[in-house]
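Undergrad: So that we are looking at the same thing, I have put the structure below in structure tokens.
Number of protein chains: 2
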Amino acid sequence: MSYRIGEAAGLAGCKVETVRYYEQMGLLPTPARSGGNFRLYSQSQVEQLSFIRHCRSLDMSLDNIRELLRFREMPGKSCAGINQLIDEHIGSIECRMNALEQLRQQLRDLRSQCSGEQSIGSCQILHGLSACGCHSAEVS
Amino acid sequence: MSYRIGEAAGLAGCKVETVRYYEQMGLLPTPARSGGNFRLYSQSQVEQLSFIRHCRSLDMSLDNIRELLRFREMPGKSCAGINQLIDEHIGSIECRMNALEQLRQQLRDLRSQCSGEQSIGSCQILHGLSACGCHSAEVS
DNA sequence: TAGAATCCCTCTAGCAACTATAGAGTCAAG
DNA sequence: CTTGACTCTATAGTTGCTAGAGGGATTCTA
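Same order as they appear, the protein sequences are chains W and H.
Each step along the first sequence adds one to the number in numbering that gives the first Met the number 0, with nothing skipped, and position 128 is 127.
Each step along the second sequence adds one to the number in numbering that gives the first Met the number 0, with nothing skipped, and position 19 is 18.
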């Protein structure tokens, strides 16, 4: 039993172009081809695609996913590396959350300086944006 | 008094390339040039650059910044639009925060399924990632 | 069996907001 | 007059796709 690219994409919940892109990026093996040069995916290849999509839905980078796929190929080894990768990913998400939290506070402060009923010339938001608020946090 | 691009960038806290990029994107006016074809920025142009950088530090898009710059050019009008823009930006940040919050919870759940002392073959994290967790939240 | 609809192919360019390089020119100090 | 710091343009890379052109394959319907 094999699947054409559209079926595989449908099963994994992504677009056809995305599947081809993953192949190009080395996340999926080069699939078999039909007589008419259509890609043919096996069950396990479709599962690998679903794995990738699931990781992506957790916002992992393709590099991280590549690493996880490599782990999958050595089932005998310790899974400490997998745990570390997940921990680091959680860390990076918390980092982004903190940055966004700060950002929101800054924006609220700014916003509180104007009711929206001034003229632009006297709007304290614009003045606040002109002032030097050097070197703030970044959102990665 | 005028500034060369390196000075302007230094004052605004960004790289020289970024200044040229903003010019190309239409966020900065085409500056005067010296005899040797170097860009020369006026005080007010440096201030505009700082304004842009301050907005960027609040994670506003260049499109939003362009809009704010347009507002600045009509000081007599109402500033309601500025307030709306900021409110929408705060909304989009809160949206991202919510998505990240959900993501973190999902990753914590996944992580809790393994102590990191298993073999890869029996690691529940990998199994969790293979399972169908269809159609989750996106982080914009 | 013909034609239409739907799928698939490759290749290339675009998005956002820069960053980095190559290869060249300008300018001030020693 | 040479060194070094600065600047110029033009182009390509980053991430994870998405969209399009211009064609071929397959399948459904009349």
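Idealized CB from N, CA, C, for every residue including glycine.
Taking W/Arg95 and H/Leu99 to be in contact with their CB atoms under 8 angstroms, please state how far apart those CB atoms are, rounded to whole angstroms.
TA: Yes, W/Arg95 and H/Leu99 are in contact; Cβ-Cβ is about 6 angstroms, under 8 angstroms.
Undergrad: Measuring alpha carbon to alpha carbon, tell me which of H/Leu10, H/Ser129 and H/Leu48 ends up nearest H/Gly25.
TA: For the residues H/Leu10, H/Ser129 and H/Leu48, the minimum Cα distance to H/Gly25 belongs to H/Leu48.
Undergrad: Touching or not, the segment 61-80 of chain H and the segment 30-45 of chain H, by the rule of three or more beta carbon pairs under 8 angstroms?
TA: Touching, no, given that fewer than three Cβ pairs across the two stretches are closer than 8 angstroms.
Undergrad: Go ahead and pull the three-state DSSP assignment for H/Leu39.
TA: In this structure, H/Leu39 counts as strand in the three-state DSSP scheme.
Undergrad: Report the option in H/Leu39, H/Val15, H/Asp86 and H/Arg3 whose CA atom is closest to the CA atom of W/Leu106.
TA: Among H/Leu39, H/Val15, H/Asp86 and H/Arg3, the Cα nearest to that of W/Leu106 is on H/Asp86.
Undergrad: Give a yes or no on whether 7 angstroms exceeds the smallest Cβ distance from H/Ile51 to chain W.
TA: Not an interface residue.
Undergrad: Report the start-end ranges of each alpha helix (DSSP H) in the segment 40-110 of chain W that is 4 residues or longer and not cut off at the edges.
TA: List check, alpha helix (DSSP H) in window: 42-56, 61-71 and 79-110.
Undergrad: Can you confirm whether H/Ser111, when its beta carbon is compared against all beta carbons of chain W, has any partner nearer than 7 angstroms?
TA: No, its Cβ sits nowhere closer than 7 angstroms to a Cβ of chain W.
Undergrad: What does the alpha-carbon distance come out to for the pair H/Cys75 and H/Gly90?
TA: It should be pointed out that residue 75 of chain H corresponds to Gly in this sequence rather than to Cys. Going from the Cα of H/Gly75 to the Cα of H/Gly90 covers about 27 angstroms.
Undergrad: Note down the Cα distance separating W/Arg38 from W/Tyr2, rounded to an integer number of angstroms.
TA: Spanning the two alpha carbons is a distance of roughly 8 angstroms.
Undergrad: Using alpha carbons as the reference points, say which of H/Thr17, H/Ile4 and H/Gly115 lies closest to H/Ala61.
TA: Residue identity check: residue 61 of chain H is Leu in the sequence provided, not Ala. Among H/Thr17, H/Ile4 and H/Gly115, the Cα nearest to that of H/Leu61 belongs to H/Thr17.
Undergrad: Cα-Cα, which of H/Asp58, H/Ser114 and H/Cys122 is closest to W/Gln104?
TA: For the residues H/Asp58, H/Ser114 and H/Cys122, the minimum Cα distance to W/Gln104 belongs to H/Asp58.
Undergrad: For H/Ser118 and W/Lys14, what's the separation of their Cα atoms in angstroms?
TA: Distance between the alpha carbons of H/Ser118 and W/Lys14: 34 angstroms.
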